[in-house]
Structures are given as C-alpha cells and as structure tokens.
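Residue numbers (full-length UniProt numbering), protein chains in the order written: chain C, 1 to 380; chain G, 1 to 432.
Ideal Cβ positions, reconstructed from N, Cα and C, are used throughout, including at glycine.
Bear in mind the structure is a predicted one, so any value in this text is a computation, not a measurement.
Below you can see the structure in the form of structure tokens.
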C-alpha cells in the first residue's frame, strides 16, 4: 500500500507545469554558476590524467598544493617514494586495518624546528606534515616488486590547526592530485595465499578524515603518540628505536630512554601476550573514536590500550545507538562467547550501518577478527 | 451451538487481527518525480559542505541528489543549510558505501531547513558537539519496505546544547525517528513521527520540552529513557504536552521478524505503547491526547524491567518524580495488547482488569527499597492526577517475587494526592 498525501500529489503535478520548471532550471543554473565561482579550481580536479588538466604550480607555501609533487617530499621518480633529506620515515608499532592496503609514512618537520614529547603525545611544530601513502603490491607474496599507490593523505599542521588533504594517484603513478570530495577506486591484487582479490577502495572525503582524526572535535593525528612510536624499526641496515633515532637527528626533544615511556606491541606479533595484542588492535583500530575525547564517546564504549574498566570495555554492556550493528545480540562483549558478542558481529560485517570501523574498510580483517575472538574466548 | 461457533469464529478473527501488528509504507512526499542531479553538481554540494566558511549559507537547489559519500559540516559557526523544500530537495544516501550517517554536523549555531534525506544506511542526520542547532522542515525517511534493514535514527542530535527541532517529519526508522541523546536545552515541536519503532525519544537529556507534535503509527510514541554507562550519565527535566500520541500500534521491526529483541533497548518496546518512561527523572506529561494505543497509554518503568545489568556510576535505574495530569485517553475496544514483546505480554496477561485489556496507565511498581520498605508511601514520587481516573485503566504491577508471582493492582489512589514541580526553561531557545 503506497499512500501519498495530497499536498505531495499537488506538488508533483506542479513540477510538470512548464513555467515553474523552466524557472527552477534557470535558478539551478544560476546557483551552480555561483557555487562554481566560489569553489577554488584546485579542489575541482578530475581523476583522469590530472597532469594534463592542471597548470604548473609553484611551491609558494600556500597550502594545500594541488599536486603532491609540488611539496617536494620525494626525490627522483615520485612513485619510488624516496624521501628528501628533510623527510623522515616512521612506522607505528600497530597499524589501522584499511582493506589490506600497505602504508608508508613520512614526517616532515621544518628545518630548525623540533617535535616535543608532551606526556603521551608528540607535539609537532607548525609547518609539520605527516605523509601517509596507501598502496597495494600487485602480488602480496612479493611486496617489494610491483605496487600501485592509491592515495596519499597529508596532515599539515597549519597555524589554524591540523588540516587533512587526500591526494589520489593517477594510473601512470607519476602524480597525485588533491581531491577533497574523495573517490572510489577498484584495486586488483594477488593475496598472500595466491588468490586474486578485487577491492572497491574508498578514498574518504576531506571531512570524513575527521571521523577518525578527532580529539575533542579538533582534527589531530592518531599515530603521533609515544606509545605508537616507542619501538624499533629498520633504517637501512640499522634498527634503532625510532624516537631515539629522531632524537639523534635533532628533531625531537623530551625522549629519555624507551623504558621511561609507554609503548604498545604490534598486534601482528604472535610472540606477544594475547591480551596485549588484542588491546593494541582495539586501540589502533577503534580507540581513535571509542575514547572519551573521540566521536564515539556517545556509546560509552572506550577501547584504549590501557582500559581496564569492564563496562567501558563493553563486557556485558548493552549497545546505545547500534541499530543493525547489534545483530541478534545483547552485549558488546559476552565473556567467553565471541559468537554472541556485538564487537565480533560488527568487525565481521561489510554492510554499511553494521560494519565497524564505519569508514576505511570494505573488506573484513580476517586475522584481526580471529585475534579478538581468541581474546574474548579467554575473558572470564 | 450456533452461538458458540460464532464466538469461536470471532475469537479466531480477533487472534488473527491482533497477531498481525500494523505496518505502513506511507511516504509523505514522492521523490521519484524529481529531476536527478548530475554527478558533478552532487560533488559541488559535497564540496560546499567541506569548504563552508563561518556565517555562510549552503544552498541546495531542488532536485534528487544521489549521494555516494557523506555530507559533513565540520566545526563551523553560524552556517545555514537550505534546501528548496522538503518535497523539492532530496538527498538520497541509498548508495552510500561507508560512514555512519548521511549528513553529519559539528559546530555552533548551525541550522538546516527545507530538505529531505532518504535511505541512509546508518542514521539520517546526526549532529554532535553542537551548541545552537536548528532542524526546521527536515523530512527524513526510508523509502523501502524492508524495514528491519532501515537506518537507526532519522534525526539524531547527540551531545548537543540548545537544540530546536521544529516542523520536521521522521518516518520508518528502525529505532527512533527523532532521537535526542545526551544533550541539554531541547525543544521538539510541531513535528510528525510515524512508522518508526520509537517516534520521539529523549535519552539521557536535561531540560527538554516536547510539544505540539504528532506521534502516530510507531511501536512506541514518545519515550523518555536514561540508559546506563554513558558519558552523560543521567538526565532530568522533560515536559511532554499538547501532543497527539495516537495509534502507536506498528509492529516492532527493530529486529527482523521472528527474531528476539537484542541489546538495543528499543527492540523491547511493545507495539501499542503511547508514552514510555524508562529510568526517567522529573518528567511532566499533561494535556496530551493519548489515543488508541493498544497496549498502554503511558508506561512507567524502571530499568530493571529490561533484565539488563542495572548498575552504573552516577545513574539510577528507577523512574522517579513523574507528574501525569490532564491528559485525554481513549482505548480501542477491539484491539488486544501486544504479545510479541515481554512487556506486552505482561500487560496482556497480568493487568489488573483481566486478560487482553488495554491499559491507560501502567506502573511496573519497582521502587528503591533503600528509600522505603513499602511502595505505599509512593517512594519514587509518581504523581497521577487525571480528571477521569476512575474510568481509566490503571495497573500497578508487583514483580519483585519473580515471574511466577506477578501481581497487579488498580490502586491509583496511592499516587493521586501529590504533585511534582518539574522545572524546564527553554527561553534561551527563542531565537533558534
């Protein structure tokens, strides 16, 4: 039974009257004309062959640039991602799952400036840029051979605060162009088991960045916390603690020795304790929203690494606004019963409205689900 | 013989009738005739939200917008978002592939008016951490028939201050149509909520007035809840007056047909509920027309009735300081209370007037024994002054001795000779 109210019926008759229709067309055109003039060209780029559409631009310090290459973060062929001398490679101990994309991250700190350790955070000076490249190897069994870079996200610490800018790479991998409205890209690769995979990769729109990068409604980096970076990574042949390395480079102050600061394990490291791996997973994948300062504080579910309060962890806690996300289950976590826990239900779904995290993945992190299942199975 | 056959037939007809909860696919406007807006113009709207400056107006011209990404207004001040009318500007999020809501707003002094939002997979429009927020003539709906797949909330301000929802329409959400959560200073007025599981819900909020609305054909009409374990731990001060709360007999489709309620409290709402108070504090309900809700006109319940853990910091599971007066009630003689939900069955089977009798007011009779050893002193201060009370059906349950020993009483007199002064102040919202 489809019932429309009378007003609506009258309305639909009206639109077919030519006069009003024409007027609205003109109005539409006019409004679009105005909105065109207001929107800067640089944000209105086409995804195909951008290098032909865009004029040259100068690195005038007036961010954001339309093209990634203008920043000069990389030397040589840009797709090799070889950092310029002022750009530092870094890597958090645990990494957010984004449809199995691999990431390479770099940090630019303006010459002469320093990052400072401020409690659990690492404060970066104005002008600093976090550069995160998302890419897929053609074959995950040979990750260093052929790869396709999909997008590069810049977070720039401007005077008015942090700003996020997504750049989408072209097919020929010669340039990436700013695209504030985001996009959708089909990616094919061969996975670790040798199976061919097709992923509909979603590049977030600029404001969606803050769905995760949100601390008290201010855009802020996630990885720039001591606990994420207080670990050893390879720089060429040596493998120092990266914060010690930064200190040595003269770009960080306030770092004493690794043991004096918090650290988080890599959840993929199976030699670590299950509870530490699970908490590391929840922290990096969930806690950017699910913490008191994050947008999912509405839920009362708080999943930071150091959370010990059982109710805040979701143990025997009913959902608040989960809708379909609750499935047929009553509690976020049922001790010993991963199959009855909403957390597992939402991690295992790809359906928008059910899937958690809300953005950043269109596939299921099978290994991640397995880890959290094992952890819940052991909760008493 | 013939007589008894007739009564059996009547009984069967009755059972068939009341086993089928009502359902509706009513749409207020027909968006199928609108001109589809080309992709580049859709992108311009996405961009307009992203690049919006403070004190600007975002105009969304008439047309049908097929969105494939969220519209997010982030940390802006004094921005106006304007469509060309609820029947003219339609934002459809049917193809959204990621994101918790269609439209998301954060900022101060934001107003949005004159448009429709359709088929968002999560919530229709969500506003968070916003001080000064006006929704005016916003229609949020789901156009498909498969209702348990619909979105959660239609209009969803949460953790906001100074919120006005005026002349809005919310329909077919699988949770609440108009849901205000963890907010303070709220007006919901002159709006229509139909075909939702919950029509209008005020949850963990302070200082709210809900008036001049119509809540019809939902499973529950107007709800005031306080849920445990939230950053805004408890809420108080709500006035509900001059509303039409009618025919809220829609089946509860928050979970798929045949599935039991899950942990979302709304899944337990029995169809046929006019007003439900759950762990509510300081609520005055007066001058409403509470008509033809088949289970109960007004239900006063404590959180323990859900069976969920009922302990949390700075929060009380008891409903207290309630003032119910001067409302108009009407029962449908031919409809039975719900039996699809536990609370419906409680009314259906155990009410004080006999099997299958619709109730006007029920009270679960759960009280805080730290305050009084007996309910006779009205320890939770539930005050009822309905003019026609002797002709209304009032049931107080006694549930504390377990399922086998449920008892029911008609003793409205215990709750009659008192008043509660509920204080709300919405003068600060006059300019919104």
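Q. Where does residue 228 of chain C sit, in a helix, a strand or coil, going by DSSP?
A. helix
Q: Hey, could you find the ends of the alpha helix (DSSP H) residue 374 of chain C is sitting in?
A: Element bounds for residue 374 of chain C: 366–378.
**Q.** CB contact below 8 Å: residue 74 of chain G versus chain C
**A.** yes
Q) How big is the Cα-Cα spacing for residue 352 of chain G and residue 410 of chain G? A) 6 Å
Q: Leaving aside the five residues before and after residue 155 of chain C along the sequence, list all residues of the same chain whose C-beta is less than 6 Å from its C-beta, in chain order.
A: 130, 162, 164, 221
Q | Beta carbon proximity, residue 159 of chain G to chain C, threshold 8 Å | A | yes
Q) By Cβ distance, which residues of its chain are closer than 6 Å to residue 289 of chain C, with the 5 residues on each side in sequence left out? A) 295, 296
Q. For the segment 263–276 of chain C against the segment 124–141 of chain C, are there 3 or more C-beta pairs whose distance is under 8 Å?
A. no
Q: Work out the CA separation of residue 67 of chain G and residue 95 of chain G for me, nearest whole Å.
A: The alpha-carbon atoms of residue 95 of chain G and residue 67 of chain G are separated by roughly 7 Å.
Q. Once you ignore the five residues that flank residue 320 of chain G on each side, which residues in its own chain have a CB closer than 7 Å to its CB?
A. 281, 380, 381
Q: Using a Cβ-Cβ cut-off of 8 Å, state whether residue 214 of chain G counts as contacting chain C.
A: Nearest CB-CB separation between residue 214 of chain G and chain C: not below the 8 Å threshold.
Q: Compare the C-alpha of residue 206 of chain G against each of G:158, G:167, G:212 and name the closest.
A: G:158
Q | DSSP state of residue 165 of chain C mapped onto helix, strand, coil | A | strand
**Q.** Closest Cα partner of residue 200 of chain C within the set C:363, C:376, C:367, C:377
**A.** C:363
Q) Along chain G, in chain order, which residues have C-beta atoms closer than 7 Å to that of residue 316 of chain C? A) 309
**Q.** Per-residue burial, residue 421 of chain G [other beta carbons within 10 Å of its own, 16 or more giving buried]
**A.** exposed
Q) Grouping DSSP H, G and I as helix and E and B as strand, with all else coil, what is residue 350 of chain G? A) helix
Q) What residues in the segment 92–114 of chain G bring their beta carbon closer than 7 Å to a beta carbon of chain C? A) Of all residues in the segment 92–114 of chain G, 96, 97, 98, 99, 100, 106 have a Cβ within less than 7 Å of some Cβ in chain C.
Q: Can you check the segment 241–294 of chain G for any beta strand (DSSP E) of at least 3 residues that lies completely inside it and give the ranges in chain order?
A: 244–246, 273–278, 281–286, 289–291
Q. If we cut at 8 Å on Cβ distances, does residue 311 of chain C have a partner in chain G?
A. yes
Q: Compile a chain-ordered list of the residues in the segment 322–339 of chain C whose CB is closer than 9 Å to at least one CB of chain G.
A: 322, 323, 324, 325, 326, 327, 328, 329, 330, 331, 332
Q) Can you give the Cα-Cα distance for residue 108 of chain C and residue 355 of chain C, rounded to whole angstroms? A) 34 Å
(Q) Against residue 139 of chain G, what residues of chain C qualify as contacts under a CB-to-CB distance less than 7 Å, listed in chain order? (A) Correct list: empty, because the minimum Cβ distance to chain C is about 10 Å.
Q: Mind checking which residues open and close the beta strand (DSSP E) that includes residue 134 of chain G?
A: 131–141
Q) Residues of chain G with CB under 9 Å from residue 358 of chain C, in chain order? A) Under the 9 Å cutoff, chain G gives 98, 99, 100, 101, 122.
Q. Is residue 215 of chain G helix, strand or coil when you go by DSSP?
A. DSSP places residue 215 of chain G in the strand class (E or B) of the three-state scheme.
**Q.** Any C-beta of chain C under 8 Å from that of residue 281 of chain G
**A.** no
Q) Any idea what DSSP makes of residue 32 of chain G, helix, strand or coil? A) helix
Q: Per DSSP, which residues does residue 130 of chain C bridge with? Please list them.
A: C:107, C:155
(Q) I need the straight-line Cα distance from residue 215 of chain C to residue 383 of chain G, nearest angstrom please. (A) 44 Å
Q: Answer yes or no: does any C-beta atom of chain G fall closer than 8 Å to that of residue 369 of chain C?
A: no
Q: Could you pull out every residue in the same chain whose Cβ sits closer than 8 Å to the Cβ of residue 70 of chain C, ignoring the five residues on either side in sequence?
A: 57, 58, 59
Q | Cα-Cα separation, residue 320 of chain C to residue 200 of chain G | A | 16 Å
Q | CA-to-CA distance, residue 88 of chain C to residue 114 of chain C, given in whole angstroms | A | 13 Å
Q | Beta-carbon gap between residue 189 of chain G and residue 211 of chain G smaller than 8 Å | A | yes
(Q) Per DSSP, what are the beta-bridge partners of residue 288 of chain C in this structure? (A) According to DSSP, which records beta bridges pairwise, residue 288 of chain C is partnered with nothing at all.
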